[in-house]
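Engineer: Numbering (our numbering), first residue to last: 25 to 185.
For each residue, glycine too, the CB sits at the ideal point set by N, CA and C.
This structure is in structure tokens; I'll ask about it shortly.
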């Protein structure tokens, strides 16, 4: 009788431990999903900044081409040419800065993509682990019910003696 109680206590402890691990896995999954959401928002923000930088770069390239064309047409006007040269130089510098910023944004976007993939894999692992723990919990509960039924039958048989 004591052995049966001891076995039931052990099974109950195992079931509680499995529930605890399942709760921990669900909490971990929740945290990972929140991190993934934040990373997706960061990606969206970086993509918007990238689009803005590309648009600005195109605008500056167009302005640069226009100014360069005007500079070529206005060679006869030295002062105008010098002004245009300064403007062209400023636009070239701004274009270089924009290209560098575009390169930096592309690199950050690539890194965010890598991190997002990593978090997605982590979420998948956590979900698989949670599913496995839930399965173990169900099995432990089934074993507990079977043991309780056996115990009830044994007690019933002992009572009938």
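Residue 25 by DSSP, collapsed to three states: which one?
Structural biologist: It is coil, neither helix nor strand.
Engineer: What did DSSP end up calling residue 185 once you bin it into helix, strand or coil?
Structural biologist: Coil at residue 185, not helix or strand.
Engineer: Less than 8 Å between C-beta atoms, sequence neighbours within five positions excluded: which residues of the same chain meet that for residue 157?
Structural biologist: 42, 45, 46 and 49.
Engineer: Just the Cα atoms here: how many angstroms apart are residue 183 and residue 36?
Structural biologist: Taking the straight line from one Cα to the other gives about 25 Å.
Engineer: Taking Cβ positions, are residue 39 and residue 175 nearer each other than 8 Å?
Structural biologist: Going by C-beta atoms, residue 39 is not nearer than 8 Å to residue 175.
Engineer: What do you reckon, are the CB atoms on residue 126 and residue 71 nearer than 8 Å?
Structural biologist: Not in contact: residue 126 and residue 71 (Cβ atoms no closer than 8 Å).
Engineer: Taking the Cβ atom as the reference point for each residue, do residue 150 and residue 56 lie within a distance shorter than 8 Å?
Structural biologist: In this structure, residue 56 lies closer than 8 Å to residue 150 by Cβ.
Engineer: How about the stretch 128-145 and the stretch 52-67: do they share at least three Cβ pairs that are nearer than 8 Å?
Structural biologist: The stretch 128-145 is in contact with the stretch 52-67.
Engineer: Please report the distance separating the alpha-carbon of residue 93 from that of residue 132.
Structural biologist: Going by the C-alpha atoms only, they are around 35 Å apart.
Engineer: Find out if the Cβ-Cβ distance for the pair residue 81, residue 123 is shorter than 8 Å.
Structural biologist: Closer than 8 Å, so yes.
Engineer: What whole-angstrom Cβ distance do residue 66 and residue 136 have, given they're in contact under 8 Å?
Structural biologist: Rounded, the Cβ-Cβ distance is 6 Å, consistent with contact.
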